[in-house]
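Trainee:
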Amino acid sequence: MRALTLHMLEHLAPRLFASRGLRAIQAEALERCATVAYVFDRGEDSLEASIDAWYCRYLKGLPHPPPEEAALRAALRSLVEEDNLIYAWVLGEQASRCGVDVRAPMKARPYLGRSRLHDAYWLTHLVLLDSDYFARPLSHPEAATWADALEDLVPWLREQPHADLAGEVASCLRFLGRDARAALALLSPLSPTLSPAGERERSHELATALLAHSAE
Numbered sequence: 019m020r021a022l023t024l025h026m027l028e029h030l031a032p033r034l035f036a037s038r039g040l041r042a043i044q045a046e047a048l049e050r051c052a053t054v055a056y057v058f059d060r061g062e063d064s065l066e067a068s069i070d071a072w073y074c075r076y077l078k079g080l081p082h083p084p085p086e087e088a089a090l091r092a093a094l095r096s097l098v099e100e101d102n103l104i105y106a107w108v109l110g111e112q113a114s115r116c117g118v119d120v121r122a123p124m125k126a127r128p129y130l131g132r133s134r135l136h137d138a139y140w141l142t143h144l145v146l147l148d149s150d151y152f153a154r155p156l157s158h159p160e161a162a163t164w165a166d167a168l169e170d171l172v173p174w175l176r177e178q179p180h181a182d183l184a185g186e187v188a189s190c191l192r193f194l195g196r197d198a199r200a201a202l203a204l205l206s207p208l209s210p211t212l213s214p215a216g217e218r219e220r221s222h223e224l225a226t227a228l229l230a231h232s233a234e
């Protein structure tokens, strides 16, 4: 999570990244990514961490051994069978960008009309994946419609507060050159306190809030 957050911060807020001397911390995080083993049988969080480590090193042109293709394909298939479609999709797309195409077949935005929360996360990750997590401009032929769809989420987020998602929406809107102030207003304070039960979730929420507030 640290390596991926620093990668996004580097591109969303390059002046802040440089002024705080974060290059050395990023290099350390990327070195730690090199020691992360692939895990296929301990749930989506462990699998996500190992694929993220590989993907982060790929984005920086660093060598990293790929996972065993059949094992990764089977793991993604299991996620689909468990209805963890977002994880299966994102991890499959990351692997494909790294040169191992094990993407599970699925329709575009499968949660549309079924779960607004899940579809909203799908929408933010359309932007993240197409831009290699804010590293390059969007190129997808439907990218022009994504900003409008993200803006349409803000009134719903006022009624259904979700700070982590609001942070992702705000960062994506800023990256797309849209006004993100309404989404930023929905974020919770940047407190460093983590609860033992929700440490990973709170860490992710803090990371998304940091990115949203730091974007230039």
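Using the numbering used here, read the sequence shown as starting at 19 and increasing by one per residue.
Note that beta-carbon positions come from the ideal geometry of N, C-alpha and C, so glycine has one too.
Every value quoted in this text rests on a predicted model; they were computed, and no experiment measured them.
Determine the closest residue to residue 89 out of 121, 102, 100, 104, with distance taken between C-alpha atoms.
Mentor: Working through the sequence shown from its first residue, we reach residue 89 at position 71. Out of 121, 102, 100, 104, 121 has the C-alpha closest to the C-alpha of residue 89.
Trainee: Using 8 Å as the threshold, is the C-beta distance between residue 135 and residue 180 below it?
Mentor: The residue labelled residue 135 in the question sits at position 117 within the sequence shown. The residue labelled residue 180 in the question sits at position 162 within the sequence shown. Yes, these two residues count as a Cβ contact at 8 Å.
Trainee: Comparing alpha-carbon positions, which option in 140, 113, 153 lies nearest residue 67?
Mentor: Residue mapping note: residue 67 aligns to position 49 of the sequence shown, counting from 1. Among 140, 113, 153, the Cα nearest to that of residue 67 belongs to 113.
Trainee: Whose C-beta lies closer than 7 Å to the C-beta of residue 176 among residues of the same chain, with five residues either side of it excluded?
Mentor: In the sequence shown, residue 176 corresponds to position 158, counting from 1. 204.
Trainee: Is the distance from the Cβ of residue 65 to the Cβ of residue 54 below 8 Å?
Mentor: Taking the sequence shown and counting its residues from 1, one reaches residue 65 at position 47. Taking the sequence shown and counting its residues from 1, one reaches residue 54 at position 36. For residue 65 and residue 54, no; Cβs fall outside 8 Å.
Trainee: Under the three-state reduction of DSSP, which class applies to residue 235: helix, strand or coil?
Mentor: With the chain running from 19 to 234 in the structure shown, residue 235 is simply not present.
Trainee: Looking at C-beta atoms only, is the number of pairs between the segment 23-32 and the segment 149-157 that lie closer than 8 Å three or more?
Mentor: These segments touch.
Trainee: Helix, strand or coil, according to DSSP, for residue 53 in the structure here?
Mentor: Looking up residue 53 in the sequence shown gives position 35. Residue state, collapsed to three classes: coil.
Trainee: Quick check on this structure: which residue in 221, 138, 232, 187 has the alpha carbon closest to the alpha carbon of residue 19?
Mentor: Residue 19 sits at position 1 when you count from the first residue of the sequence shown. If we check each option's Cα against that of residue 19, 221 comes out closest.
Trainee: For the pair the segment 39-50 and the segment 96-103, tell me if three or more CB-CB distances fall below 8 Å.
Mentor: At 8 Å Cβ cutoff, the stretches do not touch.
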